């Protein structure tokens, strides 16, 4: 049975969505520092990717397009809400996060400048290469390397070698819990 | 996980730095390994359908906007249509019925969205109600305290992405007001206050909680101000926040 172009597009997008959604969420989560915001932004970005799938599928890295769109949307939302207060103080988001990353890692990421966080999100969590990351962020590859190097140095300094083993234990424990579910 | 072949050593600072950087990068990847998307594909498709519908409606809205501008100019300039406009009857333009329908849906332009539930307290001398972040969440209690403070309010709780019930029709003429002066952020940025004395007569404070089904606490709280009682039909935050 021959499928129509629309059916093929839907299947193609569904396959991409299944493959990329977790990676995109992790990248957006790392860049924004908030699980719920990341979920909302990623869902919105995937919806936009779905609408423009014929264009997005030709993108060299469709997942990067989704993350970039999510982060742009975040800026747009922030502009709308910038007169609001921030209510992160005294609020523990881990209570509603099913598999939260180690809070020290989140805190160390939040301490990075936004651009460094974005580079970390795209290079490490989305596993993009330097060239693609540079293209997505609209900067030179050299700038990406510099940001990544500084970000990793800052994270290393924040987390420290003795804490790293504890974080690795936490990650292992989280993986085990995920497998058990 | 990180791909060693693609993450060349020149991304890192020297041979020793490279190894340490790789370790840090690996730790970051591991830290987020347990994070998986909670939103369903159906939600994405639903939103995509809404976006497509909106894209399809944009040309018609542009025509309506141009029509509104033209009729406003004619009224201001005292042109041939001025007497009609002055009597309060809008000049007949194509699609005007749709324009009136769209205008009946209020937009909370000064919506405040927070990422926590809250605790509340009232200053007995000023009447100002202050809310501070807390995990505990009780919309009924909030409504009671706001009402006791003289703040006419409408509290709603809904799941993200769920559209308004079809039977819910907002009263005609309902529109948003500026919350400046009514909702005041604290200098510490961790709480805000509602000042009932700053509320325009007849206005309603709308507080909307976004809470996923089965979740123990809301993921966001929106605050806006309407010119009249929305009869429980205040616009849903999720649809307003869509850019």
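Protein chains in written order, with my numbering: chain A, 1 to 181; chain B, 1001 to 1243.
Backbone N, C-alpha and C fix where the C-beta goes; we use that ideal spot for every residue, glycine too.
Being a predicted model, the structure only gives us computed values, none of them experimental.
Per-residue contacts from residue i into chain B (C-beta, under 8 Å)
i                     : result
residue 136 (chain A) : Correct list: empty, because the minimum Cβ distance to chain B is about 15 Å.
residue 114 (chain A) : Neighbours of residue 114 (chain A) on chain B: none; closest Cβ ~17 Å, over 8 Å.
residue 71 (chain A)  : Per Cβ cutoff of 8 Å: no residues; residue 71 (chain A) is ~13 Å from chain B at best.
residue 125 (chain A) : 1028, 1029, 1032
residue 120 (chain A) : 1028
Beta-carbon proximity check, residue i vs residue j, cutoff 8 Å
i                      : j                      : result
residue 121 (chain A)  : residue 67 (chain A)   : yes
residue 150 (chain A)  : residue 31 (chain A)   : no
residue 1146 (chain B) : residue 1227 (chain B) : no
residue 22 (chain A)   : residue 1018 (chain B) : no
residue 104 (chain A)  : residue 155 (chain A)  : no
residue 47 (chain A)   : residue 1044 (chain B) : yes
residue 1034 (chain B) : residue 39 (chain A)   : no
Close beta carbons around residue i, own chain, < 7 Å, minus the five adjacent residues each side
i                      : result
residue 227 (chain A)  : Because residue 227 (chain A) is not part of the residues shown, which for chain A are 1 to 181, the question remains open.
residue 145 (chain A)  : 130
residue 61 (chain A)   : 128, 132
residue 147 (chain A)  : 115, 116, 119
residue 1070 (chain B) : Because residue 1070 (chain B) sits at a pLDDT of 39, beneath the cut-off of 50, its placement in the model cannot be relied upon, and the following sentence gives the value as read from the coordinates. Hits under 7 Å: none found.
residue 110 (chain A)  : 33
residue 63 (chain A)   : 20, 23, 24, 126
residue 1244 (chain B) : Look at the range of chain B in this structure, 1001 to 1243, and you will see that residue 1244 (chain B) is not part of it.
residue 1030 (chain B) : none
Neighbourhood of residue i by C-beta, 6 Å cutoff - its chain only, sequence neighbours within 5 removed
i                      : result
residue 70 (chain A)   : 28, 41, 42, 45
residue 53 (chain A)   : 9, 13
residue 1009 (chain B) : Only weak support is given to the placement of residue 1009 (chain B): the predicted model assigns it a pLDDT of 39, under 50, and the question is left unresolved by the model.
Residue i versus residue j: straight-line alpha-carbon distance, rounded
i                      : j                      : result
residue 1024 (chain B) : residue 152 (chain A)  : 7 Å
residue 16 (chain A)   : residue 51 (chain A)   : 14 Å
residue 138 (chain A)  : residue 58 (chain A)   : 19 Å
residue 1028 (chain B) : residue 37 (chain A)   : 20 Å
residue 85 (chain A)   : residue 8 (chain A)    : Here the model assigns residue 85 (chain A) a pLDDT of 37, short of 50, so the residue's position is not dependable, and the following value carries that caveat. Straight-line Cα distance between these residues: approximately 45 Å.
residue 1174 (chain B) : residue 1223 (chain B) : 16 Å
residue 49 (chain A)   : residue 142 (chain A)  : 29 Å
residue 135 (chain A)  : residue 65 (chain A)   : 10 Å
residue 100 (chain A)  : residue 106 (chain A)  : 9 Å
residue 1141 (chain B) : residue 1201 (chain B) : 24 Å
residue 1230 (chain B) : residue 1127 (chain B) : 24 Å
residue 1041 (chain B) : residue 73 (chain A)   : 19 Å
residue 34 (chain A)   : residue 1148 (chain B) : 34 Å
residue 102 (chain A)  : residue 1203 (chain B) : 45 Å
residue 18 (chain A)   : residue 140 (chain A)  : 31 Å
residue 108 (chain A)  : residue 1049 (chain B) : 38 Å
residue 1032 (chain B) : residue 157 (chain A)  : 19 Å
residue 1225 (chain B) : residue 1053 (chain B) : 28 Å
residue 1182 (chain B) : residue 1051 (chain B) : 33 Å
Any non-hydrogen atom of the ligand FAD within 7 Å of residue i CB
i                      : result
residue 1046 (chain B) : This structure simply doesn't include the ligand FAD, nor any ligand for that matter.
Chain A residues whose Cβ lies nearer than 8 Å to that of residue i
i                      : result
residue 1024 (chain B) : 152, 155, 156, 159, 164
Under 9 Å from the C-beta of residue i: neighbouring residues of chain B
i                    : result
residue 60 (chain A) : The premise fails here: residue 60 (chain A) is roughly 14 Å from chain B at the closest Cβ pair, so nothing lies under 9 Å.
residue 41 (chain A) : Those within 9 Å of residue 41 (chain A) in chain B number zero; the least Cβ separation is about 10 Å.
Chain A contact residues for residue i, given Cβ-Cβ distances below 9 Å
i                      : result
residue 1205 (chain B) : Within chain A, no residue comes near residue 1205 (chain B); the closest Cβ sits about 15 Å away, beyond 9 Å.
Per-residue contacts from residue i into chain A (C-beta, under 7 Å)
i                      : result
residue 1154 (chain B) : Within 7 Å Cβ-Cβ: nothing; residue 1154 (chain B) doesn't reach chain A, min ~19 Å.
residue 1020 (chain B) : 156
Cβ shell of residue i (< 8 Å), same chain only, five flanking positions each side left out
i                      : result
residue 1151 (chain B) : 1129, 1194, 1196, 1199, 1205
residue 112 (chain A)  : 120, 151, 154, 155
Under 7 Å by beta carbon: chain B residues contacting residue i
i                     : result
residue 105 (chain A) : 1028, 1031
Discussion item. At a CB distance below 7 Å, what residues from the segment 10-33 of chain A approach chain B? Give them in sequence order.
Written reply: 14, 17, 21, 22, 25, 26, 29, 30
Worksheet item: Name the residues in the segment 43-58 of chain A whose C-beta lies less than 8 Å from a C-beta of chain B; which are they?
Response: 43, 44, 46, 47, 48, 50, 51
Worksheet item: Any residues in the segment 1028-1054 of chain B with a beta carbon nearer than 7 Å to a beta carbon of chain A? Which ones, in chain order?
Response: 1028, 1029, 1030, 1031, 1032, 1033, 1034, 1035, 1036, 1037, 1038, 1039, 1041, 1043, 1044, 1045, 1047, 1048, 1051, 1052
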